[in-house]
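Read in order, the letters of the sequence shown correspond to residues 1 to 197 in my numbering. Every residue gets a Cβ at the ideal spot worked out from N, C-alpha and C, and that includes glycine. This report refers to the structure that appears directly beneath it.
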Amino acid sequence: MIDIAVLASGTGTNLAALLDLPEVREHICLVVSDRADAGALDLARRAGIPARVVQFGDFPDRRSFSLAVADAVEQAGAKGVVLAGFMRILSPEFCDRFPGRILNIHPSLLPRFPGARAVEAALEAGVEVTGVTVHFVDEQVDHGPVIRQEEVPVFPDDDADTLHQRIKTVEHRIYPEVVAQFVSGRLRLDGDRVVTA
Ligand code: GAR
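Pasting the structure below:
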């Protein structure tokens, strides 16, 4: 069994979906946010899970910020890290501390549309299909071995809100499933290969 820290910057609807699944919830030992006003922190507190704020502006550079987050994760006893809308780039040193044990969810079919504006970028590109990617994190942004992808249709009258909502419905279904596999040891990375038991 692998205890995890969940890192989130925003409203935390993915964290809420993770908390809804008991076999995942019991393994979340910390929630970290880079924003003191993140809804995810309230969700954690209400669930009785320790919540920490680590603010980017309190550190001289990305490396020291990332190491402070890594310290918080380790102090909580977490062996894995689940990014759930964490909108800060973590330095390579962070990845080195949790090799093959960081998961991310992203609102596009990677490698298309990485970055913070994935939903808007899909609309601007005029694609008819976008989607969701869950992947192990490597040292590049929104990059690393893909665990699961699912398509989401784009409708002609979509704006960023309607499309993101449709994407999140899929995220909330698949992320808890994948994280449940991970915490139970049934999902791991072997080199660049995703292994499921
Ligand atoms: C989710 O759509 C997630 O895929 C995205 O942020 C949103 C967080 O929503 N992550 C990224 O864009 C990572 N590059 P939430 O706060 O409601 O869970």
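Quick check on this structure: which residue in ASP42, LEU30, ALA116, LEU7 has the alpha carbon closest to the alpha carbon of ALA76?
LEU30
Assuming THR11 is part of the alpha helix (DSSP H), what are its boundary residues?
Premise fails: THR11 is in no alpha helix (DSSP H) and is neither H nor E.
Assuming LEU163 and VAL119 form a contact by the criterion Cβ under 8 Å, report the distance between their Cβ atoms to the nearest whole angstrom.
5 Å
Can you confirm whether the segment 35–47 touches the segment 10–24 when touching is taken to mean that 3 or more C-beta pairs between the two stretches lie within less than 8 Å?
yes
For SER33, name the three-state secondary structure that DSSP assigns.
strand
Is LEU103 closer than 7 Å to SER66 when the C-beta atoms are compared?
no
When the Cα of HIS143 is compared with those of ASP157, GLN165, ILE105, which residue comes out closest?
ILE105
Straight-line Cα distance separating PRO114 from VAL127
15 Å
Neighbourhood of ARG45 by C-beta distance below 6 Å, restricted to the same chain and skipping five residues each side
ALA51
Identify whether GLY85 lies in helix, strand or coil by the three-state DSSP scheme.
coil
Would you call the CB atoms of GLY10 and GLY80 closer than 7 Å?
no
Candidates ARG25, VAL6, ARG166, MET1: which alpha carbon is nearest ALA70's?
VAL6
Between the C-alpha atoms of ARG97 and PRO153, what's the straight-line distance to the nearest angstrom?
37 Å
Count the other CB atoms within 10 Å of the CB of SER64; is the residue buried (16 or more) or exposed (fewer)?
exposed
To the nearest angstrom, how far is the alpha carbon of GLU171 from that of ASP161?
15 Å
Can you tell me whether DSSP reads ARG52 as helix, strand or coil?
strand
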